[in-house]
Structure formats: C-alpha cells, structure tokens
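Protein chains in written order, with my numbering: chain V, 5 to 307; chain L, 5 to 307; chain Z, 5 to 307; chain X, 5 to 307.
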C-alpha cells in the first residue's frame, strides 16, 4: 500500500558548490535536518529545489540522493515539471526506480495546452509508473491554469492521480475541488500565505519551503488545527506570516539559501540569472528570523 | 458611546411594489424578520439594497424607513456610495439625522481617483458627521481598489474611520491590514465565499445578504468560530456554501428577491436592466434552499 | 435622413461656475470654439463632460444648451450612461426632444449584466426614440465589457444601433467587428492613444477630448489618413501623442480643464472628489502644449 | 558591419521524422522555400521552431543546419530562450560559431527576475559574443514582462542589444519605445494580428511564422507600407488576417505543421503534449488557406 502524505511536506533547496555542481553531502544534511525537525514528508526537486534550472544529469543526481537521504523515514514525493510528455515520463520512471513514494507533476506550457492535451499528458505519465501522482496546479510558474472542474475530471479519468496540490492561492478552488470530488481526493496547499486558511478548509497538508528556516511554527500550526484550536492556530500563523510573506515576495531559492547562510549553513547561491539577496533584504530577513524565536502569544478574543 | 458592530451584519433588499415604488411596509417586515432571526446588525442601502439604482428621494425613504424599522434593537449601518463628495456628504448627514449608528462609505469612481483624492473624500465626509465610518473596499463594483497600505493610512488620518469592510475576496489583505494597524481596526468580511476563512483570520463580522434567505447557518458559523471549534465551523460553512456561491454568481438583489419569493415573501423584482431569474436558475435556487434544511454534519477528521 | 458622423468628434467639458452651477455661457463658447476649429461633430455629456457627476436637472441643462449651441452646424451626439433602463429612456427622449442627431449609449453596471439584460436594455432605449444610437463600449468606466460578437448581435437585433464606439484600446476588436458585420457598421475609436491605428484600420471617426486643447493635429491626422498618406499621419500622430498620453493618464476632465485654464479659458474645476492638477503636473502639461506649436516633421523613412 | 534586419522575418518550424528525430533535410527544404518566396530574413529556433521542446543536441543540430541552409542569402537570427544565464551563453556562442548574423534573446522565468537580474543576464550574454542581440519581450510565453522603460535602459547599458522584438500585442509599447530611444533602436513586431498597425507605427520588420503557409500576403503588406499606401496595406492585411487569427489561436507549431501537410509538405507533428489539429480545425484551416488564393480587393473608402 502506498504511503500517506499528511501534514507538513518540506521542500529542500538544491545546494551548489562553488564550482556550480550539486553539493550532495549538503543536500543529505539539509534533508536530515528537516526530518529531525519533525516534518512529515520530503519533496525534493520542487520549485524551491531549482529543478527547472538543472541539467538532466543534475536532476537525476538530486532525485537519487534525496530519496537515499530520506531513507524511508518519511514519505518522499519527487517533483517533475517537464515541457514534453516523453521527458516527464523519463523522469517519472527514474523517480520510481530510485524509490520515490510518489511524484508531483506540474504540466509546463510554452504553447498553451488544450484540456485534451493536459489529460493525455497525465494519462501517459500515469501509464508509465505504478506510484501515485500528486497533480500540481501552479499557473504562475507553469503558465497552465487547471480549474477545479478539469482537475476533478483528471482525478476521475487517470486513476494514478490521487492527490492535488493547489498553489493558486485561491481558497475557493479548494472548496470547489472538495465539492466536485465529494471529498475523496486529498488536497494540499502550495501557497504559503494561505496555509492557515487552507488547513482550516481541510487541506491534507501544506507543501512548503519554510521548514528549511523554521519548522517549529509550521508544525505547531498543523498541530493546532488537528487539535481543533482556531485561536492557537491563528496566533501561530500570524507569528510565522512575516517569514512566509518574505520568502514568497523574494522567491524561494533565493530567500531560503540566504536564510540558511544566516543560520550558518552553506547551501551556496541560486543559479544565475537568480542572484543572492541584496544586503538590505538580507537584513530584513535576519530581523524576521530573529522575531520567530519568541513564543507565539495566544489571541485573547476572536473578533 | 457608539454601538459595537460584531457578528452577522445583514443586508436587506429594497422591495418594490408593482408600480416601481419602494414598498416601505415590506421593507419593515423584512427587517423585522432579519432581527427576529437573530442577526447582530442591519445594513440598509448596501449593494444588495440596489442603492445605486435609487433616486435621491427613494434613497432617503429607504434610509429613514430602515432605521425606523430597526428601532434600536440592533446597530444600523447605512451604506453610502456616491460619485461626488458633496453627494456623499448630503447622504451622510441624512443618515445621521434619521438615527443611523454608523455609515459605510464606498468611494465610487467614474474617473480614477488619486490617493490624495480618496483621502480627501473620506476626510470631508468624516468632518460632516459625528457617527463612525466603516470604510468599504469593493473594487469590483466601485472601480477603486484601496490597498491595505492606503486603508491603514486613511484610518490614521481620518479619525472617524474606525472600521473596514473588505470585499475583494483576498484574504491576505485582511492579514496585512491587521499587521499594519496592529490589530486596532476591526475588519469585516464582505465576500460571502470567504466568510469562514475571514472569521478564522479574526474578522469582527460578516456583512452578508444570505440571512434574507437563511440566517441560521451564518449565525451558527459565527458561533462555532466564537466557540473556537474549527470542525463545526467548517461543516456549517460547507453546508451554506452552495447558497453563497449561487447568490454571488447570479447577483445579490436578483437572487435574494427570487429566493424570498420562493419563501412566500413578495419583495418584487430588481430594477431594469436587472431581470428576474430564469426558470432554470430558479429551480437551482429552490434545490439549494431545500438542501439547507437538514442538520450540518460534523466532519470526522480535519486533514 | 439622419446625419452622418465621420471624422473628429469632439467632446466638450462641462464648465462650472465658482458656485458649482453649470456655466452655460462658457459651454456655448467652448462649443463655438470647437466648431470654429473645424471638428466634424460635437458630443456633449460624454465622460469628458463629467456627465456621471451631474444631477438630473444639470444633465438636462447641459444637453439642451449644447444642442442649442451647436445649432445644426455639425451633427450632435449626446452621451447617455445610466444605471437603470428607465433612467436611460428618460434621457434618450429628452435628447431627442431638444434636437440631438443621435445618442451614444453606455450601459453602466453596478451588478453585472447578462447578455440578455444588455440586449434588452438597448432594445428598450431603441424603442423609445427615433434617432440612431451609437453603442458605446468602455469597460474601464462602465464595468461592462461587450465583446465584438455581442456588439454585432445587438447591431443586428436592435435596428436603431447603427454605430459603435470602441474604447477598450484593443485594436483587434475593431478588425473583428468589421469581420462580423461585413463592414456594414461604422466604428469609432474612443481610445486616444489608439487613434492612428484605428483610423488606419478603417474607423469612421475618432471620439476625443483633445480638440478642446488642440484641434489642428487631430484634424491633420484624419486628413492624412483620408489622403492615404501613412508618413504624414504617423508624423502628426507622434507629435500629438504626448498630449494624448497625458490626458489619458491624468483623466480627461481634470487635464482638459487645466489645459483650458493655461490657454486663458476659465471652465472651472472638476467636481470633487476630482481635484485640479498639482503644480508639477500643470507644468508638464504646459510644456506639452508648448511643444505642439511647431510644424510636424515628416519621418524620412518608414522602417 | 553587421547585416540589417528589415521586412518579413520568417520563422521556420522544426520538422520531425516519424521516430521523433529532427528531419534536417526537410528543415533545409523549408528554409529554401521561405527564401525562394522572398522573405527578408530567417529566424530558426523561435517559438514556432519548438525550441523549448528540443534537447541540447537537437537545438545545436537545428541551429547549425538552419544557418547552413540559409547560406548567407539573407540574414539569420537564432532564437535563444534559456532559463539559466550559463545555458544562454553556451547557446549564444554556439550560434555565433556556426555563423548566425544575430541572436534573439528571450529571458525565461521560472522564478520572477528583478530588473537587475534581467539586465545582468543580457550583459553577460552580450559579453560572450560579438554578434548583435535582438531583445525579445514575450511575457505570455516567458513569464517576464519588460516594460519599454526597462527595455530602453537595457539598450543603453548593453551595447550589443541593438534591436527589440515586441510580442505583447500592445501597440503603445512600440510608440513608447520609440519615444524613449529617440527612434534609434529598430523595433520588430512579434504579434501577428498587430502586423498592420505595427508597420504603420514604424516597425522595422515583422517576425512571423505565416510565410510558412503564405509569404505573398505578408510581403505585399510590407511593400504597401513601404509605398506609403494605407488602402492597399489595409486590404492586404484584412485578407491575411483570418490566417493570422487562426495560427495565433491554435498555436504556431501545431497550426503551421498542419497547414504544411495540407500543402503537401511533411514536416511531421509537434511534440507531445502538443497534438495535431482536430479534423474540424483542420477543415477550418483548409478553408482559410483556400480563401487566400484570390486577389486582395482594395477598399473603396477609408472610413
């Protein structure tokens, strides 16, 4: 039976050495650190992992090393965002071969795709592997926007698609997806500032890069929701929100790598054309991280 | 001291007689019915009240009759959405004279306004009355989008502005407003499908036309949030959501008047060019209302 | 037979006296000045005329006075942008009674209208008068966007609608409208910076407030197009473009009234919340107007 | 001295054999056919050439073969749209080495780029080659929108950037770019339905895939503009417009390859997830191509 994805799904960055190559040792260390902090699953090669900027060889190295580093302690879902169907199938098979528990598939558009083309893309990938697929909707990076109606149809027509990650930041889509699938398809939130609302709305998990810099608060938020405690969840979310706002505004690889360096961890710089944080932004981030240290205070009243 | 606005703030429609005139008796009856159902405040002459479609005389009739009908049982906030500053001042003074507890002010744009023009508009209205102002942001109907930064500035520079109604449906603006005002300015949700998320995020109230057709579920949602019970709140919200989706999609006056007729209450039709529901849409609404009758079931698990 | 609208259709501002009342003498003078400058038609009570900000009485005064001032020297089209169908009919009849040659009808939305509602709105107005209707599409101010397909359908179903003014600034809509109507419906450009392209594409005229400040260049542009001279048209357009960019950016009533004042004509200020130009913007406008004085130079080459 | 790009710049598709490999012989034939038809320049590896869907090896094969096929008969500009700066530099050098006269550079975003990052990207590429760069703005496919102000700044700071291709379809940007650069930087239109307006506005050329299916009309349009004949240009444009509308709506590789097959040229199918035209769409295209055969009729009047 396949492993269950629930809770805080953490996205490691892909660390580079000074010569530009992937730093496999550091990648292993980053994943250990995330698992030690208590996150519920690991998702290598997501947007945070700069997967779009890697060569084929690098991608395979990162996928293999990440699954090996996780070593079955928590479930692993490997991100696949390829322009061509054949390219996606090749990576899907590779991910399965090296032991991923699931793949997260983002259809990428250069040319706009019809609904039939999107469905066929998922079906072809589903036919090529036996591990489950998390459908990933993120039009801001992929250029393809799948409405809840289309997503529900894909879930019905492609049996391997058993999970949905929504990153539009539009809460109504989650409600709509739940209505359309009668609650049978777990959905995951990929929009950091929407985490509190999405978990309230019943999201099975939160896909996030934040645990690279602070895992305690995302985990506390998830626990508060599971304990049915709005007040604690709100207070926790408001405490972590400045960090979420910052990493979304600046971009995940850039901000997370800068934050790791502030914490003494050398994960290198993002790939050009992405550039390191400016000194002013670095100071902002430093202040935000320092503010996370205190205890979240509980709101006294709701309204 | 001014009355406090908290909870479910209900927006009555403006009923018309066959000859097109306002049906004051029915307006009184509708308001009685809302208050009897337990709503916490009444907001005549909002979007739902077709205020934009009324002549000056009709507007004054509706304002005077509504405040009289409420008769102090709950707080009353009268909606003002005028293109000119002088027109808005005239209505603001009228609302105060007939006994409104507050006014809700939406700046309307034909020509785009600068920030300085918007601030001056609020300041001039604030100077003309002594009752508090609820700033209302609803770019979809007004053509003016006030970002949280501008709203926070208006709250600071115009002391009469002590409440904010946000209707963009963008939850992040509520979080941002709370950050910018250190939580000192109560905010209200005006986007029906966002009600659950907004109340979770700390909204002081929910401005809604839904209670015209069903007050029990909105009140139950608000109570569940006050009881700190996510599961009950979510189940209640999911139950009422199809009604909210319908009235937002079709338009509030059109759908609420049709729903009232289904419930045996003759509030007339909306003004042309708005037209009554088609028979097919009426049947949909009838089914949605019938489904609201059962008891909200509690979700068994959160994620 | 109805008069033909072709060429430069000029939009006068509505001048106000210090006490806020319409300055009928100045309105007459402004219209005389426009006609003397050679424009081909006059369009009172457009957006430029602040018609949205006028009371019913003021609107009737402006309509009656404008048509009287034109006195048949050129065709007159009176703008009507009313929220309710009955209100639009009332104004349409008034415009016909005082002698307008045509009316320009912009459907205004507070609540979004269905296609059936928009068509019925035009049909009801068409039934109430015998003068032709120029359909006006300007979603930025009206909140209603009529696609070419809908416009073509209205032209077919409502015989009074014999002209179309397009103000979206989307040139493709003009091509599409021409395709859909087989070139039988003349279209007019209402987006100032698109004037050159629209006339090239075959627009019957250009609806513009620019002649209040400079009629010579718009007329020269139109003449160059009629002479089939791209080079002269382009050079003329590039000369007047900074003025068009300025008045669109700042807003027509505000910028035109400021420009008139610079030219020694006291048309008053726009109505609050609109405010006069800042000194810096006034200086920009002054520079732009000064630059229009020289002769347009002809581009030496096309590419 | 570098070759001048002016007029109709044609974009060949990249033909594939049944086994998926690039069909180099057919690519050569397609380029011969385009040059024989009279186009003024060839642009391999643009969007039409499915460059985003090619492996590194395939891209190099297509670049080398295309430049060889052109054999200096007309100028060649090779398209480069790479996510990483290092990848773009590698391809730029390759293009120069195999004899391209210029490169067309589209910055691609997965993560949003700051202005500083975009400028540095162009500067690094400019430093790596000695042939001129055509900056390419196409936010719909690249996810990065460069405003005219930024483009003008890049032209100033990066001397190799001597041409600009604008594909937003926003005519005002071309006027603005001309204003900002005092007409010193030639601009090219990349939005097919805007071709007539852009050439009127002074575009140095039109970058288009249409000549794969019909070169006569685009060339006739360009000639009419050069002859300063609006009427002939308009009539020609209106004749070819249905083809332009179709290929833009359906997508360039898909529609052009289908059209070539209708003309008896086997260029294969686009790469999955792109799929061949449906039979209904193919019939539409067939009708459109048949209609292009007659002589463009001249409009009798302008308005």
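Beta carbons: idealized from backbone N, C-alpha and C, even for Gly.
Taking DSSP as the reference, what is the three-state secondary structure of residue i?
| i | result |
| --- | --- |
| residue 186 of chain X | coil |
| residue 116 of chain X | coil |
| residue 260 of chain Z | helix |
| residue 220 of chain X | helix |
| residue 142 of chain X | coil |
| residue 166 of chain V | strand |
| residue 84 of chain V | strand |
| residue 23 of chain V | coil |
| residue 135 of chain X | coil |
| residue 109 of chain X | strand |
| residue 104 of chain X | coil |
| residue 275 of chain X | coil |
| residue 148 of chain L | coil |
| residue 233 of chain L | coil |
| residue 247 of chain Z | helix |
| residue 59 of chain X | coil |
| residue 77 of chain X | coil |
| residue 89 of chain X | helix |
| residue 41 of chain Z | coil |
| residue 200 of chain L | helix |
Taking 8 Å as the CB-CB limit, is residue i close to chain Z?
| i | result |
| --- | --- |
| residue 121 of chain L | yes |
| residue 44 of chain L | no |
| residue 300 of chain X | Unreliable positioning characterises residue 300 of chain X in this predicted model, as indicated by a pLDDT of 43, which lies under 50. The coordinate reading is nonetheless provided below. So no, residue 300 of chain X is outside the interface. |
| residue 289 of chain L | no |
Do we get a CB-CB distance below 8 Å when we pair residue i with the residues of chain L?
| i | result |
| --- | --- |
| residue 136 of chain Z | no |
| residue 101 of chain Z | no |
| residue 73 of chain Z | no |
At a CB-CB cut-off below 7 Å, which residues of chain B make contact with residue i?
| i | result |
| --- | --- |
| residue 278 of chain V | As a matter of chain content, chain B is missing from the structure shown, whose protein chains are V, L, Z and X. |
Which residues does DSSP list as the beta-bridge partners of residue i?
| i | result |
| --- | --- |
| residue 14 of chain V | V/46 and V/212 |
| residue 191 of chain X | X/168 |
To the nearest whole angstrom, what separates the beta carbons of residue i and residue j, a pair I think is in contact under 8 Å?
| i | j | result |
| --- | --- | --- |
| residue 128 of chain Z | residue 88 of chain Z | That pair is no contact at about 11 Å. |
| residue 18 of chain Z | residue 26 of chain Z | 6 Å |
| residue 247 of chain V | residue 224 of chain V | Not confirmed; about 13 Å, so no contact. |
| residue 107 of chain X | residue 148 of chain X | Their Cβ separation, rounded to whole angstroms, is 17 Å, which puts residue 107 of chain X and residue 148 of chain X out of contact at 8 Å. |
Does any residue of chain X bring its CB to less than 8 Å from the CB of residue i?
| i | result |
| --- | --- |
| residue 51 of chain V | yes |
| residue 56 of chain V | yes |
| residue 111 of chain V | yes |
| residue 88 of chain V | yes |
| residue 66 of chain V | no |
| residue 124 of chain V | yes |
Compare the C-beta of residue i with all C-beta atoms of chain V and state if any pair is closer than 8 Å.
| i | result |
| --- | --- |
| residue 224 of chain X | no |
| residue 139 of chain X | no |
| residue 147 of chain X | yes |
Relative to chain V, which residues along the region 151-180 of chain L have a C-beta separation below 7 Å, given in chain order?
Those residues of the region 151-180 of chain L that come within reach of chain V (Cβ to Cβ, closer than 7 Å) are 175, 176 and 179.
If contact means a Cβ-Cβ distance below 7 Å, which residues of the region 228-255 of chain V contact chain X?
Under the 7 Å Cβ criterion, the region 228-255 of chain V contributes 255.
Using a Cβ cut-off of 8 Å, which residues of the region 197-221 of chain V contact any Cβ in chain L, in chain order?
Those would be 197, 198, 200, 201, 203, 204, 205, 206, 207, 208 and 209, in chain order.
Counting only Cβ-Cβ distances shorter than 9 Å, please list the residues of the region 257-285 of chain X near chain V, keeping chain order.
Answer set for the region 257-285 of chain X: 257, 258, 274, 275, 276, 277, 278, 279 and 282.
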